[in-house]
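Numbering (my numbering), first residue to last: 3 to 91.
Structure (structure tokens):
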């Protein structure tokens with residue numbers, strides 16, 4: 003049996019780690035005592051990437067191969083509806 007971390011992930015869940023690295027990183031920073039704003043910025047960078055790929059022409063093309071790969075596991079490019087909700091948040 004594999005050991006689960008605080009996020010309920012096991013060491014063999016590579017795709018899940020890639021998809022949720024924003025939350026994992028933010029939780030780690032919170033545990034280390036970083037200010038909440040810093041953790042929130044780390045947590046929000048995936049949604050920001052998804053939004054910018056939707057909103058900014060050519061943004062996706064400038065992403066690294068690794069960032070394009072993780073984007074697939076992070077929900078992909080935002081839809082118009084998701085982008086509107088993101089803008090209103």
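We put the CB at the ideal spot given by N, CA and C, even for glycine.
Backbone CA spacing between residue i and residue j [nearest angstrom]
i: residue 77; j: residue 38; result: 25 Å
i: residue 84; j: residue 54; result: 12 Å
i: residue 46; j: residue 40; result: 10 Å
i: residue 49; j: residue 34; result: 23 Å
i: residue 22; j: residue 66; result: 18 Å
i: residue 80; j: residue 52; result: 5 Å
i: residue 86; j: residue 64; result: 23 Å
i: residue 27; j: residue 73; result: 16 Å
Own chain residues within Cβ distance below 6 Å of residue i, not counting five before or after
i: residue 61; result: 54, 55
Same chain, Cβ closer than 8 Å to residue i, neighbours up to 5 away in sequence not counted
i: residue 82; result: 56
Residues near residue i in its chain [Cβ-Cβ closer than 7 Å; skip 5 each side]
i: residue 31; result: 40, 41, 44
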